[in-house]
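S.K.: Residue numbers (this note's numbering), protein chains in the order written: chain A, 5 to 585; chain B, 5 to 585. Please see the structure below; I have some questions.
Number of protein chains: 2
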Amino acid sequence: MYRTHTCGELRPAHIGQTVTLAGWVQRSRDLGGMTFVDLRDRYGITQLAFNMEVHPELCEQARKLGREFVIQVTGTVVERTSKNYQMDTGEIEVVASSLTILNASLTPPFTIEEQTDGGDELRMKYRYLDLRRPTLKNNLILRHKMALETRNYLSSLGFMEIETPFLIKSTPEGARDFVVPSRIHHGEFYALPQSPQTFKQLLMVSGYDRYFQIVRCFRDEDLRADRQPEFTQIDCEMSFVERQDILQTFEGLTKHLFKTIKGIDIGEVPRMSYDDAMKYYGSDKPDIRFDMKFVELTDIVKGKGFSVFDTAELVVGICAKGAAGYTRKQLDELTEFVKKPQIGAKGLVYVRYNADGTLKSSVDKFYTEEHLKDWAHHFGAVPGDLMLILAGEKDKTRKQLNELRLEMGNQLGLRKKDEYKLLWVLDFPMFEYNEEDGRYYAMHHPFTSPKKEDIPLMDSNLALVKANAYDLVLNGSEIAGGSIRIHDKKLQAKVFEVLGFTRDEAVEKFGFLMNAFEYGAPPHGGIAFGFDRLCALMGGSDSIRDFIAFPKNNAGRDTMIDSPSSIDPLQLKELGIYFNK
Amino acid sequence: MYRTHTCGELRPAHIGQTVTLAGWVQRSRDLGGMTFVDLRDRYGITQLAFNMEVHPELCEQARKLGREFVIQVTGTVVERTSKNYQMDTGEIEVVASSLTILNASLTPPFTIEEQTDGGDELRMKYRYLDLRRPTLKNNLILRHKMALETRNYLSSLGFMEIETPFLIKSTPEGARDFVVPSRIHHGEFYALPQSPQTFKQLLMVSGYDRYFQIVRCFRDEDLRADRQPEFTQIDCEMSFVERQDILQTFEGLTKHLFKTIKGIDIGEVPRMSYDDAMKYYGSDKPDIRFDMKFVELTDIVKGKGFSVFDTAELVVGICAKGAAGYTRKQLDELTEFVKKPQIGAKGLVYVRYNADGTLKSSVDKFYTEEHLKDWAHHFGAVPGDLMLILAGEKDKTRKQLNELRLEMGNQLGLRKKDEYKLLWVLDFPMFEYNEEDGRYYAMHHPFTSPKKEDIPLMDSNLALVKANAYDLVLNGSEIAGGSIRIHDKKLQAKVFEVLGFTRDEAVEKFGFLMNAFEYGAPPHGGIAFGFDRLCALMGGSDSIRDFIAFPKNNAGRDTMIDSPSSIDPLQLKELGIYFNK
């Protein structure tokens, strides 16, 4: 060992002891007679003192230490004259009696501090230096703890972690696979798993009735901000269970994580149907840290000559509590916001419920104060509130109002980073109609079970069939999703038929799983948590990248290791692969 | 929930309770008035009783149940008249009052029993059925426990599990990489990691001084029996440590696993130098469950007219205790054994130390009984022992004798499956000379540190330089290996020079790691355990395949999912890849 203690460990109780520390030079201050060096490691920072009078040579050496030099120092723990109670080790310092430079360092390209001067790109290229910053360190510590707590909690419930293969088979359904060419069988490929879905269902067939795995998954999608080509899931499956059992088990896991990691008791997680989520929030992942539910006005606003409302399928609004003071300029900005092409509303109607009880709207030409009072009544608005109303085609308008609601939540400070609100969203639609090829697709996947009571609807109205599928939403982000699977052959055949393929085609697409289902598949269902996002949200951040040790950039590149990159021509030859130039 | 209890749970204390069980039909026995069904799940087997008198319809239904049907049964727990104390649930049975067939099953292609009638190939194809067998189930439970114990133990020591990327960069050194073509950047590839070696060293540069990860690794090698293209490692690295710290920490982990998983106290793990391992066992992974050390006779056997010994660089043998009774036929078979092409010895000399004190050898023509007595003295042989001697070129002869020693260990029953002997092998050679291209290669990798005292030898005799590298050996199998890494730039430059490349070439080959080392790399070292093998050995098996849920066969194929396989032409087009037909 190069040290007797870490840099986060020494306290007044150690005063008088001779200790050896090793770490990185965070900064050094030369005060003439004394030189002070802040020595950093994973555990903290300890102040080292070099005395020019007592050890002039040592002190000279200390003065020459650059930032991020790796050093080993032996000395005596003494009480500090000016204590720093902000630091764990702030009551002591180590008066050095020997110093060894274990390694020099070039000057780092950005400061290794909580707040750094390095830009995103630079920090990605020097990720190994960025990882020294306390923010990223604390994120990785959080992630480590989350994984460990998850494993111990699920194991205590009898779940087994079972590793599934990474070199699997490409499936034509779903997102795009990353593929791995076979050297032995030219022209053939393995695929990297988008999730262990089929393997966990096979494990259910095998009788491993409580399975989980914290596992890497891969999707070769065009990347958006905050999407990674490789990401981590807490993947789970259970047999002999109904929906209620799964919700209860994984609500338990979530509670446990909040309790042990954040010290927060999240209580019972509320449940909401997909239909209600869309109706009241315009989103299948509502942020319920704040209320501001949608209020529909369609029936009461028509026939007063305002053609926008008269012709609208839906007139719907939100009430922003206490926002009546919004200026004309602010309201114009909100109008601009909803008219942005990404959102696409045609305009915004507002009604100010002034503090004096009067009402002022952008549609005063068409509606009397009496009308507006009626609206306010519907909204539950009181003087001081601001009502914001959109109109148009139902689904689109809801989505637009969702964006406006979230924006108002941001503007009014209602989306607090340290507040955590969970929500189960249940009963998703089973099928999605694709206009392009005029057929229905499974919204989740074709092994998802429809709700029992909706099975008869499969013969009459597919759009109304609900799946036994569920999402867990945290602060407006989906953190987990899953479903009860089909285990009944007849029902499975029916779903395949509805999706437009024969059993033979199904076997071709889902081959081995279909075969396995012939040998006694138990009733089962599962869920998968997006672990990167869960860590980010629990760390109070929106960026999953800050919770992954070595992430890729938005172009799917690791700029630190410069990957992807060209490979040796010999490797290509061995794989039998050619590229058209 | 489809059940109130599992099939392994009911005991006499439950007698009189109404319970619901769900599981698979293991077997059913029709005894006329009664039908008995053994119901199986992950937790055990419970006997169900159907009474023809009381519930004739139910009993009829039960009689028709096929093997591996999935059923749900409600009934009353009663005391068995003929108890089976071999089974955890053998004192009770459940008298059924209702039966639901949850799923039928085709007749499985082999029996789902401890001993099955299915061949290897068939069981691989139907892996999901093979996984129902108790052997494989117990293996996966062991594996789950091992992983959990490892994580908890290392975490309790302050180790952080940090996930490293799977889509990385191909490196020309080492084994062959699996590569992943980039769709966005045609002609460029990611590579799957052979190990997280460079990333864990980067994490040390980042200050995460205690890292571990249970992680999948990939090697595109021509497969041998019991090698998998994807395998799992317990990968570990520490900073500010010397060899002793690493050995102690991971000896601790190993002890902990043996204690918690097997209930075995393995005590202090002995240490042996590589040179001694080769000298006394002819192997860098000696099986020390039995002694039978090599004894060198070179100096005392020459000059007696036996040209085989006279011209040999090394004459060396083993003493098989109590094996003097070996017949002529058995000795001939041993001779055949060492003459097999894989072993390649020219012949075998034996000396029987008969029970009556006389000695009989295959070289009586050249050596008197007095000579043989002298040999016996060297061997520490006593009447009843058998000495077996090989001669030839030093390294080859040692390897041959290693094979013979292991064979004798097997024949004499000295390699017990339930005995566990660990050994650290230390001080491996730093460099290996390659005859083909007349240069030295790093035996471990070029970041491995030479032993401090051997650094001067790097200017005089490379073959003598020892690396600060170590292996942990269990019952003759390497279960872990690692080294102290170089953190000193000058020493690193020296090693690169010796390996015949300039710093620029080194940067080209090991780019980002070399760059990272410019910014304050701490002294560090690590180790990696082969997790599949560790599980197999602790499970008392030689076959790692039985400890992997979904392994590949010796051709790198997963015959269950039929992978690798051809992919959609559209996928190839998107990747810009062509194959020459």
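Glycine included, every Cβ here is placed at the ideal spot set by N, Cα and C.
Compare the Cα-Cα distances from Lys289/A to each of Phe182/A, Arg409/A, Asp368/A, Gln252/A and report the closest residue.
M.R.: Arg409/A
S.K.: Roughly how many whole angstroms lie between the Cα atoms of Arg601/A and Ala532/A?
M.R.: Missing from the structure shown is residue 601/A; chain A here goes from 5 to 585 and no further.
S.K.: Return the chain-ordered list of same chain residues with a C-beta closer than 8 Å to the C-beta of Thr362/B, the five sequence neighbours on each side being excluded.
M.R.: Glu373
S.K.: Taking 8 Å as the cut-off, decide whether the C-beta atoms of Asp239/A and Phe182/A are in contact.
M.R.: no
S.K.: In this structure, how does DSSP classify Lys325/A when only helix, strand and coil are distinguished?
M.R.: Three-state result, Lys325/A: coil.
S.K.: Between the region 101–123 of chain B and chain A, which residues of the former have CB atoms less than 7 Å from a CB of the latter, in chain order?
M.R.: Leu106, Asn107, Ser109, Leu110, Pro112
S.K.: At 7 Å on the CB atoms, spell out the chain B contacts of Ile571/A, in chain order.
M.R.: Ser174, Val183, Phe193
S.K.: Could you work out which residues of chain A lie near Asn584/B, taking near to mean beta carbons separated by less than 8 Å?
M.R.: Gly580, Tyr582
S.K.: Determine whether the Cβ of Leu152/A lies closer than 8 Å to any Cβ atom of chain B.
M.R.: yes
S.K.: At a CB-CB cut-off below 7 Å, which residues of chain A make contact with Ala471/B?
M.R.: Correct list: empty, because the minimum Cβ distance to chain A is about 20 Å.
S.K.: Using three-state DSSP, classify Phe193/A as helix, strand or coil.
M.R.: strand
S.K.: Please work out which residues of its chain come closer than 8 Å, Cβ to Cβ, to Lys173/A, disregarding the five sequence neighbours upstream and downstream, and give them in chain order.
M.R.: Tyr194, Ala195
S.K.: Listing by chain order, which chain B residues have their CB less than 8 Å from the CB of Phe254/A?
M.R.: In chain order: nothing, as chain B lies at least about 15 Å away.
S.K.: Tell me Ser277/B's beta-bridge partners as DSSP assigns them.
M.R.: For Ser277/B, the pairing in a beta bridge is given by DSSP as Leu430/B.
S.K.: Taking 8 Å as the threshold (C-beta atoms), are His382/A and Ile490/A in contact?
M.R.: no
S.K.: If we ignore side chains and look at the alpha-carbon of each, how far apart do His448/A and Ala484/A end up?
M.R.: Cα-Cα distance, rounded: 13 Å.
S.K.: From the DSSP output, in three-state form, read off Tyr371/A for me.
M.R.: coil
S.K.: Report the CB separation of Asn88/A from Phe551/A in whole angstroms; it is logged as a contact under 8 Å.
M.R.: 30 Å between Cβ atoms; not a contact.
S.K.: How is Tyr582/A classed by DSSP in three states: helix, strand or coil?
M.R.: strand
S.K.: For Gly543/A, I'd like the list of residues in its chain whose CB is within less than 7 Å of its CB, leaving aside the five on either flank, ordered along the chain.
M.R.: Within its own chain, the residues whose Cβ lies closer than 7 Å to the Cβ of Gly543/A, once the five positions on either side in sequence are excluded, are Asn143, Leu146, Phe551, listed in chain order.
S.K.: I'd like the span of the beta strand (DSSP E) that includes Glu97/A, first residue to last.
M.R.: 96–107
S.K.: Let me make sure I understand the geometry here. Which of Lys266/B, Thr78/B, Val469/B has the alpha-carbon closest to that of Thr50/B?
M.R.: Thr78/B
S.K.: DSSP beta-bridge partners for Trp28/B?
M.R.: Arg44/B, Val74/B
S.K.: For Phe383/B, decide whether its Cβ has a neighbour in chain A, counting only Cβ atoms nearer than 8 Å.
M.R.: For Phe383/B, the closest Cβ of chain A is not nearer than 8 Å.
S.K.: Mind checking Lys421/A: buried by the 16 CB within 10 Å criterion, or exposed?
M.R.: exposed
S.K.: Report the option in Met391/A, Glu317/A, Gly417/A, Trp379/A whose CA atom is closest to the CA atom of Ala328/A.
M.R.: Met391/A
S.K.: Thinking C-alpha only, which one of Thr8/A, Ala471/A, Ala553/A is nearest Lys129/A?
M.R.: Ala553/A
S.K.: Pull out every residue of the region 475–491 of chain A whose Cβ sits closer than 9 Å to any Cβ of chain B, in chain order.
M.R.: His491
S.K.: So what's His382/B in DSSP terms, helix, strand or just coil?
M.R.: helix
S.K.: Does chain C have any CB closer than 8 Å to the CB of Ile238/B?
M.R.: Absent here is chain C; the protein component of the structure consists of chains A and B.
S.K.: Count Cβ pairs between the region 7–16 of chain A and the region 35–54 of chain A that sit closer than 8 Å; are there 3 or more?
M.R.: A contact is defined here as three or more CB-CB pairs under 8 Å, and the region 7–16 of chain A meets this definition with respect to the region 35–54 of chain A.
S.K.: For the beta strand (DSSP E) that Gly396/B lies in, which residues bound it at each end?
M.R.: 390–396
S.K.: Pull up the distance between the alpha-carbon of Leu69/B and that of Phe54/B, whole angstroms please.
M.R.: 12 Å
S.K.: Check each candidate in Asp291/A, Leu427/A, Asp492/A and name the one with the smallest Cα separation from Tyr474/A.
M.R.: Among Asp291/A, Leu427/A, Asp492/A, the Cα nearest to that of Tyr474/A belongs to Leu427/A.
S.K.: Cβ closer than 8 Å: which chain A residues qualify as neighbours of His190/B?
M.R.: Phe583
S.K.: What residues of chain B sit near Arg155/A, judged by a beta carbon separation below 9 Å?
M.R.: Neighbours of Arg155/A in chain B, taken as residues at a C-beta separation under 9 Å, are given in chain order as Ala151, Leu152, Arg155, Asn156.
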